[in-house]
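Throughout the sequence shown, residue numbering follows the working numbering, covering 33 to 329 in sequence.
Cβ coordinates follow ideal geometry from the N, Cα and C atoms, glycine included.
Each remark here refers to the structure printed beneath this line.
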Amino acid sequence: MIRHSIFLGLIFLFVNDCRPCSATDWMNVKSWVYQLTNYSGGKLDELIAADFELAVIDLARDGGDDFFTGKEIEALKESGKITLAYFEIGAIEDFRPEWKSVPDDLKAGPVEGWENEQYVRFWDPRWWPIVQGRIDQAIGAGFDGAYLDLITAYEEIPNTGLGSEERAERMVALIAKVSKYAKSKQPNFKVVAQNCPELYTWSNWEPKPNQVYLDAIDGIAIESVFFLAHDKPAKMGWCQENRQNATAIRATGKLALGVDYAKKPASIVDSYKRQREIGFVPYVSVVALDKIILEPK
Numbered sequence: 033m034i035r036h037s038i039f040l041g042l043i044f045l046f047v048n049d050c051r052p053c054s055a056t057d058w059m060n061v062k063s064w065v066y067q068l069t070n071y072s073g074g075k076l077d078e079l080i081a082a083d084f085e086l087a088v089i090d091l092a093r094d095g096g097d098d099f100f101t102g103k104e105i106e107a108l109k110e111s112g113k114i115t116l117a118y119f120e121i122g123a124i125e126d127f128r129p130e131w132k133s134v135p136d137d138l139k140a141g142p143v144e145g146w147e148n149e150q151y152v153r154f155w156d157p158r159w160w161p162i163v164q165g166r167i168d169q170a171i172g173a174g175f176d177g178a179y180l181d182l183i184t185a186y187e188e189i190p191n192t193g194l195g196s197e198e199r200a201e202r203m204v205a206l207i208a209k210v211s212k213y214a215k216s217k218q219p220n221f222k223v224v225a226q227n228c229p230e231l232y233t234w235s236n237w238e239p240k241p242n243q244v245y246l247d248a249i250d251g252i253a254i255e256s257v258f259f260l261a262h263d264k265p266a267k268m269g270w271c272q273e274n275r276q277n278a279t280a281i282r283a284t285g286k287l288a289l290g291v292d293y294a295k296k297p298a299s300i301v302d303s304y305k306r307q308r309e310i311g312f313v314p315y316v317s318v319v320a321l322d323k324i325i326l327e328p329k
């Protein structure tokens with residue numbers, strides 16, 4: 033009987049060790065790293081060795097179709113890191129393997145500042161198979177969750193004939209669809225939305241909590257919390273609104289990640305201090321996100 037109990041206990045420990053990150057682990061994250069390109073030797077060894085609790089990386093080492101394998105992601109997770117797969121849901125880059133399969137009439141004009149990207153009509157049913165394929169790739173490789181970018185497309189996409197409120201609701205619907213689909217396959221799969229924290233309210237005129245959006249996400253990430261690229265103080269009104277909205281989302285029990293773009297040591301130290309003061313998990317990098325930058329000690 034004692035041996036049987038010990039055996040069952042070992043099974044229980046093994047099963048728990050193999051589970052994706054728990055809600056407790058998630059909300060206790062204190063540090064993160066964000067690298068999308070220039071993985072040394074095409075490998076994750078530097079990230080594995082780095083002392084962070086959460087890592088955001090691209091689905092592929094080359095940004096294309098050279099996807100990270102399950103073995104590589106498992107090694108990153110074994111180093112103690114919750115691991116999120118980065119991909120865009122509001123635009124498509126011309127180096128992605130799906131580029132050629134996206135119809136021309138689904139593309140909606142260049143993303144300002146990024147010549148190799150086009151906005152997409154993200155509400156079009158033809159876009160969903162692209163997003164679904166990325167979720168499947170992330171889950172198949174063993175990622176703990178997804179980090180969704182270009183949500184800003186709902187604000188910036190030109191010539192849609194749709195009002196801003198309608199575009200916002202359609203983006204919320206897409207984020208909710210991502211979450212529902214991913215969690216149907218992996219219940220503990222995490223969904224983090226980058227930028228546009230104002231989506232936590234339905235209306236510009238009668239603000240109220242957008243429960244569909246809040247139920248869909250596990251975390252919010254904000255760029256340029258206190259510094260724009262590079263070392264420029266984020267004092268504009270929209271920066272203040274982002275901080276306020278993201279803080280409100282955090283108060284509902286969601287993880288809040290912040291990334292500032294700075295190179296000066298004083299700016300970096302200031303960013304870490306101020307982000308922590310408002311409850312964000314801080315990181316500071318360069319806008320290319322092509323290197324690991326450690327917090328100054």
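Starting from the C-beta of residue i, find all residues in its chain whose C-beta is less than 6 Å away, skip the five residues before and the five after it, and write them out in chain order.
i, result
"LYS109", "THR115"
"VAL301", "PRO328"
"GLN218", "ILE171"
"ALA221", "Correcting the residue type first, residue 221 is Phe in the shown sequence and not Ala. Once the five neighbours on either side are set aside, the close Cβ partners of PHE221 are GLY177, ALA214 and LYS215."
Look at the Cβ atom of residue i, then the Cβ atom of residue j, and state whether they are nearer than 8 Å.
i, j, result
"TYR293", "HIS262", "yes"
"ASP174", "GLU106", "Residue identity check: residue 174 is Gly in the sequence provided, not Asp. It is a contact, given that the beta carbons lie within the stated cut-off."
"LEU76", "ARG166", "no"
"TRP58", "ASP250", "yes"
"VAL210", "TYR245", "no"
"LEU180", "GLN226", "yes"
"LEU231", "ASN242", "yes"
"ASP322", "ASN148", "no"
"VAL318", "LYS295", "yes"
"THR184", "GLY122", "yes"
"ALA87", "VAL65", "yes"
"ALA253", "VAL224", "yes"
"ALA3", "ALA266", "The first residue shown for the chain is 33 and the last is 329, placing residue 3 beyond what the model contains."
Under a Cβ-count criterion, where at least 16 other Cβ atoms within 10 Å of its own Cβ denotes burial, should residue i be classed as buried or exposed?
i, result
"ALA278", "buried"
"ASP176", "buried"
"ARG158", "exposed"
"PRO229", "buried"
"ALA288", "buried"
"ASN274", "buried"
"GLY269", "exposed"
"GLU309", "exposed"
"LYS238", "Before going on, a small fix: residue 238 reads as Glu here, not Lys. Exposed: under 16 other Cβ atoms inside 10 Å."
"SER196", "exposed"
"ALA298", "exposed"
"GLU198", "exposed"
Would DSSP call residue i helix, strand or coil?
i, result
"TRP160", "helix"
"SER72", "helix"
"GLY290", "strand"
"THR279", "helix"
"ASP90", "strand"
"LYS222", "strand"
"LEU321", "coil"
"VAL301", "helix"
"ALA117", "strand"
"PRO229", "helix"
"ILE124", "strand"
"LYS264", "strand"
Cutting at 7 Å between CB atoms, please list the residues of its own chain near residue i, excluding the five before and the five after it.
i, result
"ASP126", "ASN148"
"ARG93", "TYR71, GLY74 and PHE100"
"PRO190", "ALA140 and GLY141"
"SER111", "ILE80"
"PRO314", "GLY290, SER303, TYR304, GLN307 and ARG308"
Of all Cβ atoms in chain C, is any one closer than 8 Å to the Cβ of residue i?
i, result
"ARG308", "Considering every chain present, this structure includes no chain C. It has just one protein chain."
Apart from the five residues on each side of it in sequence, which residues of its chain come closer than 8 Å, Cβ to Cβ, to residue i?
i, result
"PHE312", "ILE254, VAL257, ALA278, ARG282, ALA288, LEU289 and GLY290"
What are the complete beta strand (DSSP E) segments, minimum 3 residues, inside the stretch 134 to 217? 139 to 143, 146 to 152 and 177 to 181
Restricting to runs no shorter than 4 residues, where is the alpha helix (DSSP H) found entirely within the stretch 237 to 261? Those alpha helix (DSSP H) runs which fall completely within the stretch 237 to 261 and span 4+ residues are 243 to 248.
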